[in-house]
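Let me begin by presenting the structure, written as structure tokens, before commenting on it.
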Amino acid sequence: SLVLLGGCSFRGGSTMNESQDPPAVDALCAWVAYGDLPIVPDLQERLDGYVPTELSPDLGHLDETQRAVLDKLVEASRIMNDLFREQATPCLEELAARLEDVPTDARAGVQRYFRINYGPWDRRFDREPFIGNWDHPEGANFYPTDLTAEEEALIADPANGLDGLFTMIRRNASGGLVAVPYSEYFRDGLERAAGLLREAADLTGNASLATFLRSRADAFLSDDYFQSDMDWMDLDSTVEITIGPYEIYEDNLFGFKAAFESFVTVTDPGESERLATFKDELPWLEANLPIPDQHKNPNRGAESPIRVADEVYSAGDTRAGIQTIAFNLPNDERVREAKGSKKVLLRNVMKAKFDQILVPIANAVVNGEQAQLCTAESFFLHTLWHEMSHGLGPGKLVMDGRETEVRLELKDTYSAMEEAKADAMGEWAIFALTRAGRDYFPDTIFAEQTATYLAGLFRSVRFGIGEAHGQANAMQFNYLMEKGALTWDEAAGTFALDPAAIEKAIEAMVHDITMIQAEGDYDAAVAFIDRYAVMAPELEAGLAKLAGIPVDVEPLFPRYED
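Residue numbers -10 to 551, in the working numbering, belong to the letters of the sequence shown in order.
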């Protein structure tokens, strides 16, 4: 069944405290009742794109206390799911109720796809409705859905205080815009989540986990996440959790607002230690980026711990649509300068995608000889260095005498540009370390890495070029085609990377994207996306060959049934 409400109090699509002015007309959801409920004709094909996959790692090495802690963390994560649902979808309860009007024979499929997408808009197809005719609000539910152009300009101006990461923008009784802190707007859910984190902290015997859980519980109620982010960087525990408002992908209007999510994981200390030496290379890589020295960022912390973990449960932003295989957090530049950032690789999710998706894609669209060079280790390394690269390059900026960040200057273009940067820079880093004589990788790394990277471009473009990761991979594909590093054999229907050209093209791409970031040049970012984030005929032809191959996994957690 479609469970939507959890413990949140939904009132016309907006949750507010009794002590606040109630939102004005924006809270009314009358629009949901209008219109027929057409269903896209290819819904079954879209459903087939998500293969149900059990993620149930072996927990036999955990003791009774650790399992009890896991249970508390999963319970808190379910609350993150509820909070994110409301952030993502205005009038969620009313929309869900309308699904009861769908003919019986189609209802189960529609409800499943609604659950996958956290609403009626298809995340793979540029948020077009798969049921009904409702336009997706670019600002999701972070902002009123009836913003005027003048009000958008007000929000965009930092001087008005409406651009905070941890606020919902609502109308007061007189119709004006107000920023409501998450700690107030989501008070009920966050108080319950904070209580669960504190209960888990009391249970665990791991001091670093207890410290983080208590400080993150405090942050839920204060909206100040700095100290808990610092404590998360120091977290060293077999049972770990990443929980709170982090990524800004859901806010397609401005890229200002952070969405709630959670990863509950069990780490592999041995595998994590094997990769730990890579973090020591970050200062060298920063110093050797292919951009002028004045744009390099030597001040970012180099601590950058690496965790290899199995996902036990996920919720919220990361659960919607395409599943995360790795992440690099926190995003706070103050924490990154002090401690770097932590890279977490979700081994069981990665393996599921490699076996079920990447290998079949390589066999379909990569030149036969190169297809055989696609390896699980190269997929793992690409993912690792993608996450490592988020911690390289420009972060804080000074523009016209004011301190700012790349994220704030590039606004809605930031996510796609940053994802493309991390992909290309990840490959550049592997090549640069190898050329410099570092003995990390086998001699076959160039051939294996490029073949796996090519298959990965197709894997991610299938997420849709309206989504940041899909858009980023379309940009890379078209850039490499333009540079002659990627060739299309129309007769065979396959692609091949030119070994002689690929390294130069990758380095050029790193330079071009990173310079746009370093200069905080929003217009240049728009132009780059307009030029390269397009569905070129060759790309479309390649994607057409992938029919029948799953697009992604739909995670199932049998240990914790939702």
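Note that CB positions come from ideal geometry on N, CA and C, so glycine has one too.
Burial state of residue i (16 or more Cβ within 10 Å)
i: Y429; result: exposed
i: G49; result: exposed
i: Y102; result: buried
i: M498; result: buried
i: A138; result: exposed
i: A536; result: exposed
i: D15; result: With a pLDDT of 39 at D15, under the threshold of 50, the predicted position of this residue should be treated as unreliable, though the coordinate-derived value follows. Classification for D15: buried.
i: S251; result: buried
i: S163; result: exposed
i: A351; result: buried
i: Q33; result: exposed
i: D146; result: exposed
i: V387; result: exposed
i: E376; result: buried
i: A533; result: exposed
i: T483; result: buried
i: A85; result: buried
i: P544; result: buried
i: C(-3); result: Annotation note: pLDDT 30 at C(-3) (below 50); position unreliable, no value reported.
i: F148; result: Correcting the residue type first, residue 148 is Ala in the shown sequence and not Phe. When all chains shown are included, A148 counts as exposed.
i: D519; result: exposed
C-beta atoms of residue i and residue j nearer than 7 angstroms
i: I311; j: W374; result: no
i: D115; j: G453; result: yes
i: I120; j: I28; result: yes
i: M406; j: A513; result: no
i: M464; j: Y521; result: yes
i: N288; j: H379; result: no
i: E437; j: T364; result: yes
i: L192; j: T54; result: yes
i: A265; j: I295; result: yes
i: Q100; j: L81; result: no
i: E496; j: P279; result: yes
i: A489; j: G473; result: no
i: V301; j: V255; result: yes
i: E398; j: G509; result: yes
i: E238; j: A457; result: Glu is not the amino acid found at residue 238; the sequence shown has Tyr there. Cβ atoms of Y238 and A457: closer than 7 angstroms.
i: F395; j: Q506; result: A quick correction: the sequence has Val, not Phe, at residue 395. Yes, the pair counts as a contact, with Cβ atoms nearer than the cut-off.
i: G305; j: F73; result: yes
i: T503; j: G382; result: yes
i: V63; j: V253; result: yes
i: V540; j: G38; result: yes
For residue i, the three-state DSSP class (helix, strand or coil)
i: A239; result: Reading off the sequence, residue 239 comes out as Glu, not Ala. Residue state, collapsed to three classes: coil.
i: E508; result: coil
i: K493; result: helix
i: N317; result: strand
i: P556; result: Nothing in the structure corresponds to residue 556, since the chain is present only between -10 and 551.
i: T78; result: coil
i: F517; result: helix
i: W123; result: coil
i: G531; result: helix
i: Y132; result: coil
i: G178; result: helix
i: I522; result: It is Ala, not Ile, that sits at residue 522 in the sequence shown. Reduced to three states, the DSSP call for A522 is coil.
i: A162; result: coil
i: R296; result: strand
i: P488; result: helix
i: A28; result: Residue identity differs from the one stated: residue 28 is Ile in this sequence, not Ala. Note: I28 maps to strand in three-state DSSP.
i: D541; result: strand
i: S204; result: helix
i: G305; result: strand
i: A536; result: coil
i: V91; result: coil
Member of the options whose CA lies at the smallest distance from the CA of residue i
i: R451; options: G531, V387, Q506, H500; result: G531
i: F546; options: I120, T372, D299, D257; result: D299
i: A480; options: G473, L136, V354, D401; result: V354
i: V333; options: L224, F484, L210, I237; result: L224
i: R187; options: L166, F209, G509; result: F209
i: K493; options: P234, Y468, P431, T483; result: Y468
i: Y132; options: A142, M157, R113; result: M157
i: E326; options: A309, S293, V348, D519; result: S293
i: R160; options: V348, L136, L528; result: L136
i: F369; options: N320, P526, D412, K61; result: D412
i: T553; options: L381, A360, R448, E550; result: Outside the shown range of the chain, which is -10 to 551, sits residue 553, and nothing can be said about it.
i: L166; options: I144, G426, R548; result: I144
i: E416; options: E529, L446, F343; result: L446
i: K410; options: I434, A444, G98, A461; result: A461
Problem - Segments of 3+ residues assigned as beta strand (DSSP E) that fall wholly inside the stretch 338 to 417 - result: Complete beta strand (DSSP E) runs here, min 3: 385 to 388, 391 to 394.
Problem - Those runs of the alpha helix (DSSP H) which lie wholly inside the stretch 214 to 292 and span at least 4 residues - result: Those alpha helix (DSSP H) runs which fall completely within the stretch 214 to 292 and span 4+ residues are 215 to 222, 258 to 264, 271 to 276.
Exercise for the section: Could you pull out every unbroken beta strand (DSSP E) segment of at least 3 residues lying fully inside the stretch 420 to 485, listed in chain order? Expected result: Taking only runs of at least 3 residues, the beta strand (DSSP E) segments lying wholly in the stretch 420 to 485 are 475 to 478.
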